[in-house]
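8 is the number of the first residue of the sequence shown in our numbering; add one for each residue after it.
For each residue, glycine too, the CB sits at the ideal point set by N, CA and C.
Here's the structure, in C-alpha cells; my notes come after.
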Amino acid sequence: MDFPSSEVAAVAHDPNCLFCKIIRREIASKKAYEDDAVYAFHDIAPQAPTHILLVPKEHIATLNDLDEAHEALVGKMLLAAGRLAAEAGISRSGYRCVFNCMSGAGQSVYHIHLHLLGGRPMGWPPG
Ligand code: AMP
C-alpha cells in the first residue's frame, strides 16, 4: 500500500537525509513494508539473505534523539520487524534486529534505522 504524499509531506524531514529522500520517493528503494509511521526497504548491500531496514517516516538522527513521545513509534518498528521476519520465513531459524548508534557503533546514515538480518547463522559477539 502506498501512502499519500500529502501524509509523508506532513512528517518532519531533513531534505539532505538519504533515508528521508527514500521515504519521499526521491530515491528509489525496494519496499518491504509501509504504514503511516514506518517505511521498510531492502538494504542495498545486504549482509545476510534477509536484510531489511525499517525507518520512521519522521526524521530522527540517532537513538540519542528519542524521547517518550517516540515510544509507540519504536514499538511499531519492532512489531513490523517481527512480521517481516515471519514473512521472510526466518521467525524460527532466528534473526537479529540491530540499531547502530553513532559512528563508533557503525552508524553511517543519521536517520534511525532498525536492521532486520536473518537467513544465515549469526555469530556472537558482533563485530
Ligand atoms: P548503518 O551503517 O547502520 O548506518 O546502516 C546504513 C545502511 O544503509 C547500510 O547497511 C547500507 O548498506 C544501507 N544503505 C545505504 N544506502 C542505501 C540505499 N540507497 N538503499 C538501501 N540501503 C542503503
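Open item on the list: Could you give the first and the last residue of the continuous alpha helix (DSSP H) run that contains histidine 80?
Closed with: It is worth fixing the name first, because residue 80 is leucine in this sequence and not histidine. Here the alpha helix (DSSP H) through leucine 80 covers 78 to 95.
Open item on the list: Shorter than 7 angstroms, the distance from the beta carbon of alanine 55 to the closest heavy atom of the ligand AMP, or not?
Closed with: no
Task: For alanine 47 and proline 91, believed in contact at Cβ under 8 angstroms, the rounded distance - done: Reading off the sequence, residue 91 comes out as leucine, not proline. With 8 angstroms as the limit, leucine 91 and alanine 47 qualify as a contact, their Cβ atoms being about 6 angstroms apart.
Open item on the list: Need the endpoints of the alpha helix (DSSP H) that isoleucine 30 sits in, please.
Closed with: 25 to 30
Task: Exposure of lysine 37, with buried meaning 16 or more beta-carbon neighbours within 10 Å - done: exposed
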